[in-house]
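These notes are about the structure you will find just below.
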Amino acid sequence: PDPGRWFIVPARETIRNPHEWDKPYNMGRYVTDQEHVFQDGAGNLVIRATRGEGANIQEKYASAKIMGLWRGGVGTTWEARVKLDCLTAGAWPAFWLVNEDPARGGEVDLVEWYGNNDWPSGTTVHARLDGTAFATNRHPIDNAWHTWRMTWQPTGLYFWKDYQPGMEPFFTVPANSLQPWVFGDPGFTMVPVFNIAVGGSGGREPAAGTYPAEMRVDWIRVFAT
Numbered sequence: 177p178d179p180g181r182w183f184i185v186p187a188r189e190t191i192r193n194p195h196e197w198d199k200p201y202n203m204g205r206y207v208t209d210q211e212h213v214f215q216d217g218a219g220n221l222v223i224r225a226t227r228g229e230g231a232n233i234q235e236k237y238a239s240a241k242i243m244g245l246w247r248g249g250v251g252t253t254w255e256a257r258v259k260l261d262c263l264t265a266g267a268w269p270a271f272w273l274v275n276e277d278p279a280r281g282g283e284v285d286l287v288e289w290y291g292n293n294d295w296p297s298g299t300t301v302h303a304r305l306d307g308t309a310f311a312t313n314r315h316p317i318d319n320a321w322h323t324w325r326m327t328w329q330p331t332g333l334y335f336w337k338d339y340q341p342g343m344e345p346f347f348t349v350p351a352n353s354l355q356p357w358v359f360g361d362p363g364f365t366m367v368p369v370f371n372i373a374v375g376g377s378g379g380r381e382p383a384a385g386t387y388p389a390e391m392r393v394d395w396i397r398v399f400a401t
């Protein structure tokens, strides 16, 4: 990816007071090499998760996470065309938007799949980054190409899968329906993120999974609405 527009995250984030699955040794590591994040020659970005040798999940599994170096706020539409060839035990792929300030919060998961076979995969809006204030629309996730779209307006957040003109959103989160509603704060913006996590609370045990596992991104666009 263009280093002027994207940052390849070199390590997993630190989790405050981690419980069992979120302890570092139960979470695969993020790396920046071209085996794990690259372009496939057909115009797609590929994020790959792999399995190797090691004593625990952290040592055995590697994957990648990229974050945009550009931002958007209220009055924008975000859309990406994504293929998830990573729907396997232990994997935790997502296309999401986040404000990185932990004191402020705010996260939008346009599509997120959990390899733990427990949590509801689909689309989620988080008012807080600690998972205590959120709204989720659960729907099936498959490995076909799909576009995932979100329009961010003062009245709320509106979501479409494989958008066509005139289509009604499959999920709407009205403004102020979650507290605190940071998405209407003056100057509040988010950056785009694509990643495959391995292990952790959302993936859990990857031993039965099939690796390498890949996410492909054809394009992402953001425009004023």
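Quick note on the numbering used here: the sequence shown kicks off at 177 and runs consecutively.
Backbone N, C-alpha and C define an ideal beta-carbon position, used for all residues, glycine too.
- Ranking 260, 251, 341 and 275 by CA distance to the CA of residue 245 puts 275 first.
- A contact between stretches requires three or more CB pairs, one per stretch, nearer than 8 Å, and the region 232–243 fails this requirement with the region 295–305.
- Its chain contains 257 as the residues whose beta carbon lies nearer than 6 Å to that of residue 395, once the 5 sequence neighbours on both sides are disregarded; these appear in chain order.
- The region 222–239 makes no contact with the region 274–293: fewer than 3 CB pairs, one atom from each, lie closer than 8 Å.
- Residue 201 has its alpha-carbon roughly 33 Å from the corresponding atom of residue 322.
- Under the Cβ criterion (8 Å, minimum of three pairs), the region 248–255 counts as touching the region 319–339.
- Its Cα nearest to that of residue 186, the residue 208 stands out among 293, 208, 204 and 279.
- Ranked by Cα distance from residue 352, the options 311, 336, 291 and 374 are led by 311.
- DSSP places residue 370 in the strand class (E or B) of the three-state scheme.
- Secondary structure at residue 313: strand, using DSSP grouped into helix, strand and coil.
- Residues 222 of the same chain have their beta carbon placed closer than 6 Å to that of residue 214, with the five preceding and five following residues left out of the count.
- Of all C-beta pairs linking the region 183–197 to the region 347–364, fewer than three are shorter than 8 Å, placing the two stretches out of contact.
- DSSP, reduced to helix, strand and coil, places residue 185 outside both helices and strands of the structure shown, so it counts as coil.
- Fully enclosed beta strand (DSSP E) runs of no fewer than 3 residues occupy 213–215, 221–227, 237–239, 241–244 and 252–261 of the region 183–267, in order along the chain.
- Taken through DSSP and simplified to helix, strand or coil, residue 399 comes out as strand.
- Among the bridge pairs identified by DSSP, residue 361 is matched with none.
- The Cβ atoms of residue 263 and residue 317 sit closer than 8 Å to each other.
- Rounded to the nearest angstrom, the gap between the Cα atoms of residue 248 and residue 293 is 33 Å.
- Cβ contact annotation for residue 364 (same chain, cutoff 7 Å, sequence separation greater than five): 249, 275, 282 and 358, in chain order.
- Nearest neighbour of residue 380 by Cα position, chosen from 391, 388, 361 and 267, turns out to be 267.
- Separation of the CB atoms of residue 384 and residue 265 is rounded to 4 Å, and the pair is thereby assigned contact status at 8 Å.
- One alpha carbon belongs to residue 196, the other to residue 177, and they sit about 34 Å apart.
- Under the three-state reduction of DSSP, residue 379 is assigned to helix.
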